[in-house]
Amino acid sequence: MPSHADRVRLRAVCRLWRAAAHLQPPLPPLLPWILQPDGTLLSLPDGAVHRIPVPDDVCRRMSTGGMLFLVHSNYTCSLLNPFSRETTGAQHIHPACLSPQPIRIPWDYNVRKVVMMPDHIITVKRAYYPETQCNNMVCIRRRRSTATVDIRWVPSMPSVSRAMADVALFQDKLYALVGTPAGTIHLYVLDIIDDKHVALQRVLRTPVDDDDQGYTGIVHRYLVASGDRLLMVKERRDRSPKLPSLFKQPIFDVSEAADLCSGGGRWRKVDTLTGRALFLSQGCSESLPAGGPYVGAREDCVYFLCERHQCDHSWSLCSGMYNVRQGTVSPLPFKAMVAEEGPGTTSWLFPPTDI
170 MPSHADRVRL RAVCRLWRAA AHLQPPLPPL LPWILQPDGT LLSLPDGAVH RIPVPDDVCR
230 RMSTGGMLFL VHSNYTCSLL NPFSRETTGA QHIHPACLSP QPIRIPWDYN VRKVVMMPDH
290 IITVKRAYYP ETQCNNMVCI RRRRSTATVD IRWVPSMPSV SRAMADVALF QDKLYALVGT
350 PAGTIHLYVL DIIDDKHVAL QRVLRTPVDD DDQGYTGIVH RYLVASGDRL LMVKERRDRS
410 PKLPSLFKQP IFDVSEAADL CSGGGRWRKV DTLTGRALFL SQGCSESLPA GGPYVGARED
470 CVYFLCERHQ CDHSWSLCSG MYNVRQGTVS PLPFKAMVAE EGPGTTSWLF PPTDI
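In terms of my numbering, the sequence shown has 290 at position 121, counting the first letter as 1, and numbering is strictly consecutive.
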């Protein structure tokens, strides 16, 4: 049963199947769903559209992996499980860390990504600070707290403009990927000590990539924890010669962060995902074990979505699947018409595995 809905319905009506399932090996992980810009959810591989009721004052909804992070108009937020419909209580967030403005307005007021830790909420906010020349900021906030104290981190590299490419949790630590216009990539690890202090260390620095110098297309870098490895995926999209506001299908490079504990960290290119698959989006990227031939994700493949690009809000030409071993891009192995209209962005949402 490749569909999440089919498994839920069968579990609800068939006691024998539900009892026998506990005695069998775990079923292959299901394909994730797609959170669309209009707030609806697209289930895969059946392509069914689901509308999840939310309070009227919700102005932003973002995927944190298996939950929806809802931002309310009064700057409070809540977590919604779209599969069980359970909602946590409101959690107060400082206005400087979250804003209810939709993504189509100037990005000083927008949140790129939300990462949930057991005790903290991590937000990556788009903001430009002339004194630091940085256009992104990491905000760390204790969950279920009404205090106004929060931690904000902007990477310090004097006289160099820089951008937060991505953040990811790996082995209980928060990693941040920071890039410069020249192409230099820095990897930081942030260890949260308490509500006011973070231990910060740069663990990896990559020199300029010759392929990126003078490049006029779009380059995105994603940071993804995949099993016991921390991976960086570089995505390059050339502009379409017929319509420069659109981009061609992407080219991917996958690298592993090696020797992080030895003090001599480096990026090492890989040609296998070791039995796993990656799902990339700017708001939420995750790794899943590959499924079988008829269900779940395909081994050694990177799934990517048609997204609105941050630079000029244009759209890529396609979603698809990149095979790391073969170095080829192909259409998604299922029919999915992703809506383009709406104030949000396109992202992945992952059903629970205990079905």
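The C-beta atom is built at its ideal place from N, Cα and C for all residues, glycine as well.
Across the structure, Gly444 and Met401 are spaced so that their CA atoms are roughly 17 Å apart.
Just measuring C-alpha positions, the residue of Glu468, Ser409 and Phe473 sitting nearest Phe421 is Phe473. Nearest C-alpha to Gly396 among Ala337, Val293 and Leu373: Ala337. Pairwise C-beta distances place the segment 278-295 in contact with the segment 450-460, as three or more of them are shorter than 8 Å.
For the pair Arg230 and Thr245, the Cα-to-Cα distance works out to about 12 Å.
With fewer than 16 neighbouring CB atoms inside 10 Å of its own CB, Pro410 falls in the exposed class. Taking a 10 Å sphere around the C-beta of Val218, we find fewer than 16 other C-beta atoms and assign the residue as exposed. A straight line joining the alpha-carbon of Val423 with that of Val439 spans about 6 Å. For the alpha helix (DSSP H) assignment, the segment 211-245 encloses no uninterrupted run of at least 4 residues.
In the structure shown, Leu356 falls within a strand segment according to DSSP collapsed to helix, strand and coil. When the beta-carbon positions are compared, Cys475 and Thr514 stay at least 8 Å from each other. Burial state of Ala466 is buried, judged by a 10 Å Cβ sphere holding 16 or more other Cβ atoms. Looking only at Ala332, Val223 and Asp288, the smallest Cα-Cα distance to Arg311 is reached by Asp288. If you compare the alpha carbons of Val498, Val372 and Val464 with that of Glu404, the shortest gap goes to Val498. The beta carbon of Gly208 sits closer than 6 Å to the beta carbons of Arg230 from its chain, once the five residues preceding and following it are set aside; these are given in chain order. A distance below 7 Å between beta-carbons, with the five flanking residues on each side excluded, links Ala368 to the following residues of its chain, in chain order: Asp360 and Ile362. Annotation for Glu468: no beta strand (DSSP E) segment contains it, and DSSP assigns it neither H nor E.
Comparing C-alpha distances from Lys417 to each of Tyr391, Asp407 and Val307 shows the shortest one belongs to Asp407. Looking at the backbone, the Cα of Pro419 and that of Leu457 are separated by about 21 Å. Taking 8 Å as the cut-off, the Cβ atoms of Val471 and Leu501 do not count as close. Between Ile203 and Phe252, the alpha-carbon positions lie close to 13 Å from each other. Taking the Cα positions, Pro214 is about 14 Å away from Gly461. With contacts defined as CB atoms closer than 8 Å, Pro201 and Phe519 qualify as a contacting pair. Inclusion of Leu429 and Val493 in the CB contact set at 8 Å is not warranted, their separation being larger than that value. Membership of Met401 in the beta strand (DSSP E) is indicated by the continuous run Arg398 to Arg406. With respect to Ala426, Gly433 sits apart: the two C-beta atoms are not nearer than 8 Å.
If you draw a straight line from the Cα of Met286 to the Cα of Gly386, it is about 34 Å long.
In the three-state reduction of the DSSP assignment, Leu429 falls in the helix class. Distance from the Cα of Arg254 is smallest, within the candidate group Gly234, Pro222 and Leu399, for Pro222.
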